[in-house]
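**Q** Pasting in a structure now, in structure tokens, and then I'll have a few things to ask.
2 protein chains.
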Amino acid sequence: MLGPIAWATPPAAYGPWEQVTSHLTEGLVKKGIDVTLFATGTSKTAGKLIATTAFGYAEKSGQDPKVLEYLHISQVMGAAHKFDIVHNQFDFMPLGYSQLVHTPMVTTVHGFSSDHIVPVYQRYNDSTDYVSISDADRDDRIDYIATVYNGVDTSQFTINYKPQEYLAYFGRIHPEKGAAEAIAIAHRAKRPLIIAGLIQDHEYYREKVLPHIDDEQVRYLGNVGPDERDRILGGAAALLHPISFDEPFGLSVAESMMTGTPVIAFNRGAMPELIEHGRTGYLTDNVEEAAELVAMCGQLDRGEVAQVARDRFSVERMTEGYIEVYNTILDR
Amino acid sequence: MLGPIAWATPPAAYGPWEQVTSHLTEGLVKKGIDVTLFATGTSKTAGKLIATTAFGYAEKSGQDPKVLEYLHISQVMGAAHKFDIVHNQFDFMPLGYSQLVHTPMVTTVHGFSSDHIVPVYQRYNDSTDYVSISDADRDDRIDYIATVYNGVDTSQFTINYKPQEYLAYFGRIHPEKGAAEAIAIAHRAKRPLIIAGLIQDHEYYREKVLPHIDDEQVRYLGNVGPDERDRILGGAAALLHPISFDEPFGLSVAESMMTGTPVIAFNRGAMPELIEHGRTGYLTDNVEEAAELVAMCGQLDRGEVAQVARDRFSVERMTEGYIEVYNTILDR
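Protein chains in written order, with full-length UniProt numbering: chain A, 1 to 332; chain X, 1 to 332.
Rendered as structure tokens:
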């Protein structure tokens with residue numbers, strides 16, 4: 001498992017790629033698979049850990065990320081012959097080695113940080129197998145062996161059958177995530193709104209969010225930990241996810257459904273894959289319709305919402321998905 | 001020849017690593033060696049050119065240097081089996097591949113951009129052969145197969161047997177290069193001074209250099225082209241090179257000697273390797289002694305200065321040095 005090395009695997013706080021890498025590594029170990037995780041010395045695993053750097057480059061300053069990356073990747077590649085599969089969770093940089101290493105390489109495409117890196121994925125189309133994290137996130141110029149959804153640790157979420165009246169918004173405070181639209185939907189539906197998430201765009205927060213926070217109808221809680229997240233998501237009548245970009249996956253959408261809370265989302269990116277319209281939530285294109293759909297959420301079976309989510313977005317499901325990919329490759 | 005890809009090889013203007021790479025490539029081709037240069041599409045060679053990117057990342061904006069680097073290096077490494085030797089002129093990044101590629105790799109260490117990269121060189125000590133550009137630039141933690149001095153195109157320099165009274169300073173205007181000390185030496189020696197070079201540190205220029213420029217005793221010409229460089233270096237009684245850092249090589253020192261003009265340098269870095277004290281110039285530690293040595297320069301045999309420089313620092317000599325390195329490796 002060639003992990004990212006910005007943060008520890010699993011990360012102490014932020015670190016989405018490291019989180020998914022950790023979930024998968026531990027999931028595979030539980031299945032009895034012999035996994036060696038190449039990551040920072042601050043990482044923890046029930047498998048074998050080979051630390052290629054004491055600290056991640058985002059964990060400790062005064063390090064040269066480029067140097068750490070090259071040392072990390074080349075160390076994994078130098079050891080590749082000892083393994084049946086190399087699973088690359090670390091973007092495009094390991095791809096250049098894929099033609100020189102005889103061990104098959106699987107690469108999870110966590111996202112294209114810029115259009116500049118797509119040609120690198122294209123170049124190595126034939127020497128590695130790409131996995132997309134949603135069908136929506138696929139790029140036409142690249143071949144994929146499978147889509148495997150990111151897995152959520154279901155043990156961190158409780159099914160709540162008796163929600164309250166309020167609506168919830170969970171995510172970064174950034175125009176593309178739609179906190180302002182969530183406020184408009186809540187106002188129109190005459191429901192309280194609880195907002196949680198990191199402020200990424202401060203100007204947007206000051207102009208579009210802050211003026212509406214009255215600590216009664218609209219509350220902002222900042223970034224919340226796992227326990228509070230479980231409680232707030234589970235207690236909501238619905239999660240609002242009015243995005244204005246093609247989100248490749250929506251972690252908070254999966255997490256909300258884990259608690260039985262349906263999601264009203266704008267129909268973009270991976271949303272139609274994550275949400276079954278009329279079963280686990282609703283898809284719409286505008287604030288007005290979203291507000292009307294709020295009342296409909298009460299009719300959905302929260303037990304079923306949670307069950308569907310647990311079936312599709314658990315760490316176990318993700319692990320099975322990757323084992324299937326590994327077997328397909330090894331059987332070739 | 002794995003060249004750098006910041007600029008074209010040879011560069012249109014600035015690009016010291018590209019310049020040396022071009023000199024060596026053309027020198028090898030002249031010797032009848034079959035050389036393939038991997039570089040930008042803007043490069044030119046009498047050998048074979050394989051362009052891994054249309055433009056260098058410093059030549060054209062809107063490109064991602066990291067992406068271009070990975071594509072460039074991995075393309076060379078993917079083709080390495082077709083060659084007898086891979087010569088890496090592009091810093092530490094190709095080293096990670098050296099354990100995976102069976103073709104022997106030579107790496108010219110053009111300099112350590114920071115102390116962070118030394119551990120990478122250490123790591124691959126056994127899988128590549130390092131060449132230093134001076135003995136002074138060697139790092140104790142790394143093994144070297146040879147020192148090969150950078151080569152200068154001797155055809156750009158004319159031996160001048162009848163110099164004028166003035167002294168010359170050639171180099172970046174930066175505290176470590178010593179323009180201010182050169183002015184002090186010239187004042188003390190009561191000689192005019194001509195300064196040429198790019199202003200790298202503007203505050204230093206304004207405070208320490210500009211106040212002394214009177215267009216008579218001290219003149220500043222900016223960056224000069226090859227013809228003017230030949231004329232000014234050749235016409236000088238001596239080149240002043242009062243550095244305050246351990247310079248790994250000194251191109252202007254070699255160039256000055258090509259015209260017959262001896263060099264008075266502060267005794268640091270590669271200076272004792274470049275200058276033979278009392279034969280091709282003088283080594284000293286301070287402004288006072290440097291000023292006294294100016295008069296001594298008239299006693300040196302300018303024809304001999306030029307001859308020694310041409311023997312030691314020509315492109316032909318560099319090419320022979322590298323052919324020796326290649327043969328040593330291939331004979332192992």
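Glycine included, C-beta positions come from ideal geometry on N, C-alpha and C.
As the structure is a prediction and not an experimental result, all values here were calculated from the model.
Is A/Thr103 closer than 8 Å to A/Val118 when the C-beta atoms are compared?
**A** No, the Cβ-Cβ distance between A/Val118 and A/Thr103 is not below 8 Å.
**Q** Over what stretch of residues does the alpha helix (DSSP H) that includes A/Asn88 continue unbroken?
**A** Note, A/Asn88: premise wrong, no alpha helix (DSSP H); beta strand (DSSP E) at 86-88.
**Q** What runs of the alpha helix (DSSP H), each 4 residues or longer, lie entirely inside the region 40-121 of chain A?
**A** List check, alpha helix (DSSP H) in window: 65-79.
**Q** Alpha carbon to alpha carbon, what distance is there between A/Ile145 and A/Leu28?
**A** Near 19 Å, if we compare the C-alpha coordinates of A/Ile145 and A/Leu28.
**Q** Sort A/Thr261, A/Arg172, A/Ala13 by Cα distance to A/Asn160 and report the nearest one.
**A** Per the Cα distances, A/Thr261.
**Q** On the DSSP letters alone, give me the boundaries of the alpha helix (DSSP H) that X/Ile185 sits inside.
**A** Element bounds for X/Ile185: 179-189.
**Q** Can X/Ala270 and X/Asp137 be called in contact, C-beta distance under 8 Å?
**A** Yes. Within cutoff.
**Q** If distances are taken between C-alpha atoms only, which option among A/Gly321, A/Thr36, A/Thr284, A/Pro272 comes closest to A/Met77?
**A** Selected option, being the one with the closest Cα: A/Thr36.
**Q** Round the Cβ separation of residue 351 of chain A and A/Cys297 to the nearest angstrom and send it over; I've been treating them as touching at under 8 Å.
**A** For chain A, the structure presents residues 1 to 332; residue 351 of chain A sits outside this window and is missing.
**Q** Return the CA-CA distance between A/Asp126 and A/Ala6, expressed in angstroms with no decimal places.
**A** Taking the straight line from one Cα to the other gives about 28 Å.
**Q** Who does A/Thr284 pair with in a DSSP beta bridge?
**A** BP columns for A/Thr284 point to A/Phe266.
**Q** Using a C-beta cutoff of 8 Å, does X/Asp64 count as contacting chain A?
**A** So yes, X/Asp64 belongs to the interface.
**Q** Using 10 angstroms around the beta-carbon of A/Asp91, count the other beta-carbons present and answer buried if the total reaches 16, otherwise exposed.
**A** Flag for A/Asp91 reads buried.
**Q** Rounded to a whole number of angstroms, what is the C-alpha to C-alpha distance between X/Arg219 and X/His241?
**A** Distance between the alpha carbons of X/Arg219 and X/His241: 16 Å.
**Q** So, does the region 151-159 of chain A touch the region 174-185 of chain A, judging by three or more C-beta pairs under 8 Å?
**A** These segments do not touch.
**Q** Give the straight-line distance between the Cα atoms of A/Ala277 and A/Ala295, rounded to the nearest whole angstrom.
**A** Looking at the sequence provided, one finds His at residue 277 of chain A rather than Ala. Looking at the two C-alpha atoms, the distance is approximately 14 Å.
**Q** Return the CA-CA distance between A/Asp285 and A/Leu293, expressed in angstroms with no decimal places.
**A** Each residue's alpha carbon lies about 12 Å from the other.
**Q** Where are the beta strand (DSSP E) runs, 3 residues long or more, that stay fully inside the region 220-259 of chain X, in chain order?
**A** Counting whole runs of 3 or more residues, the region 220-259 of chain X contains the beta strand (DSSP E) stretches 238-241.
**Q** Please return the same chain residues whose Cβ sits closer than 7 Å to the Cβ of A/Pro4, not counting the five positions on each side in sequence.
**A** So the qualifying residues of the chain are Trp17, Glu18, Thr21, Gln89, Phe90.
**Q** Note down, in chain order, all residues in the region 110-136 of chain X with a beta-carbon under 7 Å from any beta-carbon belonging to chain A.
**A** Those residues of the region 110-136 of chain X that come within reach of chain A (Cβ to Cβ, closer than 7 Å) are Ser114, His116, Ile117, Val120, Arg123.
**Q** Excluding sequence positions up to five away, which residues of its chain have a Cβ less than 7 Å from the Cβ of A/Leu283?
**A** Within the same chain, A/Leu283 has close Cβ partners Ala265, Asn267, Met271, Pro272, Ile275, His277.
**Q** Compute the Euclidean distance between the alpha carbons of A/Asp301 and A/Arg206, then round it to the nearest angstrom.
**A** The straight-line gap from Cα to Cα measures roughly 37 Å.
**Q** With a threshold of 7 Å, establish whether the CB of X/Ala290 neighbours any heavy atom of the ligand GTP.
**A** Among the ligands in the structure shown, none appear at all, so the ligand GTP cannot be discussed.
**Q** Does the Cβ of X/Asn150 have 16 or more other Cβ atoms within 10 Å, making it buried, or fewer, making it exposed?
**A** Classification of X/Asn150: buried, given that the 10 Å Cβ count is 16 or more.
**Q** Of the choices X/Asp140, X/Pro94, X/Ser61, whose alpha-carbon is the least far from that of X/Tyr70?
**A** Ranking X/Asp140, X/Pro94, X/Ser61 by Cα distance to X/Tyr70 puts X/Pro94 first.
**Q** On the premise that X/Leu193 lies in contact with X/Tyr169, defined as a C-beta separation below 8 Å, what is that separation, rounded to the nearest angstrom?
**A** With a Cβ gap of about 6 Å, X/Tyr169 and X/Leu193 count as contacting.
**Q** I'd like to know whether the C-beta atoms of X/Leu221 and X/Arg191 end up nearer to each other than 8 Å.
**A** Taking 8 Å as the Cβ cut-off, X/Leu221 and X/Arg191 do not qualify as a contacting pair.
**Q** List the whole-angstrom C-beta distance separating X/Tyr121 from X/Val109, where the pair is believed to meet the contact cut-off of C-beta under 8 Å.
**A** Indeed, because the Cβ distance is near 7 Å, the residues count as touching under 8 Å.
**Q** Figure out for me which residue from X/Tyr130, X/Val67, X/Phe112, X/Ser132 has the closest Cα to the Cα of A/Ser113.
**A** Answer by Cα proximity: X/Val67.
**Q** Roughly how many angstroms separate the alpha carbons of A/Pro10 and A/Thr25, rounded to a whole number?
**A** Whole-angstrom Cα-Cα distance: 10 Å.
**Q** Does the CB of X/Tyr70 have a neighbour CB from chain A at under 8 Å?
**A** Yes, its Cβ sits closer than 8 Å to a Cβ of chain A.
**Q** So is X/His202 buried or exposed if we call it buried at 16+ other beta carbons inside 10 Å?
**A** By the neighbour-count rule (16 or more Cβ atoms within 10 Å), X/His202 is not buried but exposed.
**Q** Using a 10 Å radius around the Cβ and a threshold of 16 neighbouring Cβ atoms, would you call X/Leu2 buried or exposed?
**A** Flag for X/Leu2 reads buried.
**Q** What would DSSP say about A/Ala291, mapped onto helix, strand or coil?
**A** A/Ala291: helix per DSSP, three-state reduction.
**Q** Mapping DSSP to helix, strand and coil, what is X/Thr36?
**A** Of the three classes helix, strand and coil, the one that applies to X/Thr36 here is strand, per DSSP.
**Q** Going along chain X, which residues have a C-beta under 9 Å from A/Tyr77?
**A** A quick correction: the sequence has Met, not Tyr, at residue 77 of chain A. Here the neighbours are Gly96, Tyr97, Gln99, Leu100.
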